[in-house]
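Residue numbers (our numbering): 4 to 297. A short worksheet on the structure shown next.
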Ligand code: PRT
Ligand code: ZN
């Protein structure tokens with residue numbers, strides 16, 4: 004039996020569905036039933052451990068798992084802030100689970116800047132990230148560690164401020180909290196252990212990483228086709244940023260007109276389509292791309 008990658012990802016929570024979806028789009032064949040802690044991928048030498056996100060950094064750092072899909076906030080808190088950064092390498096950001104770790108205080112309090120936090124208490128589930136940040140900023144606040152519902156800490160008199168993850172900002176607003184500093188921004192990342200890895204597994208990791216990169220690039224990119232007068236090709240190339248070498252072919256029976264086909268590395272907005280039309284293009288088609296391998 005060939006050797007298999009061991010990958011840790013979140014069992015259930017904000018990252019689990021997107022993690023599973025990403026692996027499936029990379030052709031891995033992940034079928035998970037509720038309550039499962041372990042799963043063998045059908046179409047790739049990959050075994051998946053489904054765990055709490057808090058445990059993923061340690062599993063990867065210890066080499067219990069070769070790879071992990073986890074928020075970079077967890078890597079920062081569990082490893083970087085504890086001097087263990089070298090235990091894992093980030094293979095690539097995964098473009099989901101975006102958020103920021105922010106310090107916030109009640110809107111009606113006098114706390115408006117970091118300096119106002121001197122001598123105050125800040126409640127958080129990210130004590131090590133927060134302590135490292137306060138140290139770096141020279142702010143002398145006390146860190147109160149709590150495990151959940153951080154946003155209610157000021158109302159309950161547990162602390163004067165909080166430090167928590169923010170994505171839409173809705174939770175802060177609902178609790179009359181104002182953001183005063185960003186500790187770091189975060190997104191889901193693919194990480195690998197720096198412990199030694201079997202050569203066969205390493206090759207499979209490279210294949211997996213290339214497939215994931217292909218999926219993510221394809222998600223952004225669009226295939227664009229249009230007709231235009233041959234004289235308009237240069238103007239059209241200027242409209243689409245990053246459009247490097249389009250395929251330009253003459254239209255049958257009309258020597259003045261060409262068809263232009265190209266991969267646009269970024270989404271094409273209506274404004275871009277309108278600008279293409281003004282530059283001379285017609286019959287403009289934009290279609291999604293499913294996979295890319297360079
Ligand atoms: O059970 P397990 O330990 O695995 O899960 P969990 O409950 O600890 O984590 P979970 O599923 O809530 O979050 C997993 C990961 O999602 C986090 O580690 C981040 O990497 C990422 N993520 C992205 C977020 C958010 N956005 C987020 N908004 N994690 C939590 N939040 C919470 C935040 O703590 C606050 O309570 O959402 C609230 C704020 O959201 P907004 O939209 O109101 O600003
Ligand atoms: Zn967690």
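We put the CB at the ideal spot given by N, CA and C, even for glycine.
Subject >> Beta-carbon proximity list for residue 286, same chain, < 7 Å, skipping 5 on both sides >> reply: Reading the chain shown from its first residue, position 283 is the one you call residue 286. Only 229, 230 meet the Cβ criterion.
Original post:
Of all residues in the structure, which have a C-beta closer than 6 Å to any heavy atom of the ligand ZN, taken in chain order?
Top reply: 55, 56, 57
Subject >> Closer than 7 Å: residue 115 CB and nearest the ligand PRT heavy atom >> reply: Locating residue 115 in the chain shown gives position 112, counting from the first residue. The ligand PRT has no heavy atom closer than 7 Å to the beta-carbon of residue 115.
**OP:** Could you check which residue in 28, 162, 106, 170 has the C-alpha nearest to that of residue 189?
**Re:** Indexing the chain shown from 1 puts residue 189 at position 186. Of the listed residues, the one whose Cα sits closest to residue 189 is 170.
Subject >> As assigned by DSSP and simplified to three states, the class of residue 60 >> reply: Along the chain shown, one-based indexing puts residue 60 at 57. Residue 60: helix per DSSP, three-state reduction.
**OP:** Spell out a yes or no on whether the region 66 to 75 and the region 6 to 14 are touching, meaning 3 or more CB-CB pairs, one atom from each, closer than 8 Å.
**Re:** With three or more CB-CB distances shorter than 8 Å, the region 66 to 75 counts as touching the region 6 to 14.
Original post:
So the alpha helix (DSSP H) residue 11 belongs to, where does it begin and stop?
Top reply: As a working note, residue 11 is residue 8 in the chain shown. That residue, residue 11, is in no alpha helix (DSSP H); its beta strand (DSSP E) goes 8 to 13.
Subject >> Beta-ladder partner(s) of residue 225, from DSSP >> reply: Position 222 of the chain shown, counted from the first residue, corresponds to residue 225. Residue 225 pairs with 267, 291.
Original post:
In chain order, what residues of the same chain lie with their CB nearer than 6 Å to the CB of residue 19, ignoring the 5 residues before and after it?
Top reply: Numbered from 1 along the chain shown, position 16 holds the residue referred to as residue 19. Here the set comprises 13.
**OP:** Determine the burial state of residue 43: buried for a count of at least 16 other Cβ atoms within 10 Å of its Cβ, exposed for fewer.
**Re:** On the chain shown, position 40 is the one that residue 43 refers to. That one is exposed.
Subject >> Neighbourhood of residue 93 by C-beta distance below 6 Å, restricted to the same chain and skipping five residues each side >> reply: Counting from 1 along the chain shown, the entry for residue 93 is found at position 90. Excluding positions up to five away in sequence, the list reads 192, 194.
Subject >> Neighbourhood of residue 6 by C-beta, 6 Å cutoff - its chain only, sequence neighbours within 5 removed >> reply: Against the chain shown, residue 6 aligns to sequence position 3. Result list for residue 6: 201, 203, 204, in chain order.
**OP:** Please determine, among 218, 198, 61, 274, the residue with the shortest C-alpha to C-alpha distance to residue 27.
**Re:** As a working mapping, residue 27 is identified with position 24 in the chain shown. Among 218, 198, 61, 274, the Cα nearest to that of residue 27 belongs to 218.
**OP:** Identify every residue that forms a DSSP beta bridge with residue 41.
**Re:** In the chain shown, the residue the question calls residue 41 occupies position 38. Bridge partners of residue 41: 52.
Subject >> C-beta contact flag for residue 125 and residue 165 at 8 Å >> reply: Within the chain shown, numbered from 1, the residue matching residue 125 stands at position 122. Within the chain shown, numbered from 1, the residue matching residue 165 stands at position 162. The answer is yes: Cβ separation under 8 Å.
**OP:** Compute the beta-carbon to beta-carbon distance between residue 211 and residue 47, rounded to the nearest angstrom, for a pair I have assumed lies under 8 Å.
**Re:** Position 208 of the chain shown, counted from the start, is the residue given in the question as residue 211. Position 44 of the chain shown, counted from the start, is the residue given in the question as residue 47. The pair is a contact, with the Cβ atoms about 7 Å apart (cut-off 8 Å).
Original post:
Using a threshold of 7 Å, is the CB atom of residue 70 nearer than that to any non-hydrogen atom of the ligand PRT?
Top reply: Here residue 70 refers to the residue found at position 67 when the chain shown is read from its first residue. For the ligand PRT, not one heavy atom lies less than 7 Å from the Cβ of residue 70.
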